[in-house]
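> Numbering (UniProt numbering), first residue to last: 1 to 82.
This is the structure, below, for whatever I ask next.
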C-alpha cells in the first residue's frame with residue numbers, strides 16, 4: 001500500500017509541474033508578458049504573438065514527451081505494469 005501511495009504522490013507532483021509550466025507559458029507569456037515580448041522579433045513576427053500562437057504549442061508538445069519519459073522512469077522505479 002505504501003508503494004501505491006508514494007507512486008501516486010510522485011505522479012501528482014509531475015502533473016502539478018506540468019500544469020504550472022502550462023499556465024506560465026500560455027497565460028504568462030501569451031497574455032501577461034505579451035507587450036514586453038513584442039519588442040523582440042522572431043522570424044519577422046513579434047515574440048509575444050509567436051508565443052501565443054506557436055510557442056505554446058511547442059511547449060505543450062515538449063511537456064507531453066517530458067511527462068511520458070518521467071512516467072516511464074517512475075513506472076520502472078515502482079515496477080508498475082500499467
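Beta carbons: idealized from backbone N, C-alpha and C, even for Gly.
#1: On the criterion of 16 or more Cβ atoms from any shown chain inside 10 Å, does residue 51 qualify as buried, or is it exposed?
#2: In terms of residue numbering, what span does the alpha helix (DSSP H) encompassing residue 49 cover?
#3: Could you spell out the range, first to last residue, of the alpha helix (DSSP H) harbouring residue 62?
#4: Can you list, in chain order, the residues of its chain whose CB lies under 8 Å from that of residue 42, leaving out five sequence neighbours each side?
#5: Please name the residue or residues paired with residue 42 in a DSSP beta bridge.
#6: Would you decide whether residue 19 is buried or exposed? Buried here means 16 or more other CB atoms lie within 10 Å of its CB.
#7: If you check the beta carbons only, do residue 47 and residue 40 fall under 9 Å apart?
So, from the data block:
#1: Reading the chain shown from its first residue, position 51 is the one you call residue 51. Answer is buried; the Cβ neighbour count reaches 16.
#2: In the chain shown, residue 49 corresponds to position 49, counting from 1. First-last of the alpha helix (DSSP H) with residue 49: 47–50.
#3: Numbered from its first residue, the chain shown carries residue 62 at position 62. Element bounds for residue 62: 56–77.
#4: The count along the chain shown starts at 1 and reaches residue 42 at position 42. Within the same chain, residue 42 has close Cβ partners 50.
#5: Counting from one through the chain shown, the residue named residue 42 turns up at place 42. Answer is 45.
#6: Here residue 19 refers to the residue found at position 19 when the chain shown is read from its first residue. Exposed, since its Cβ has fewer than 16 Cβ neighbours within 10 Å.
#7: Here residue 47 is taken as the residue at index 47 of the chain shown, counted from 1. Here residue 40 is taken as the residue at index 40 of the chain shown, counted from 1. Yes, the Cβ-Cβ distance between residue 47 and residue 40 is below 9 Å.
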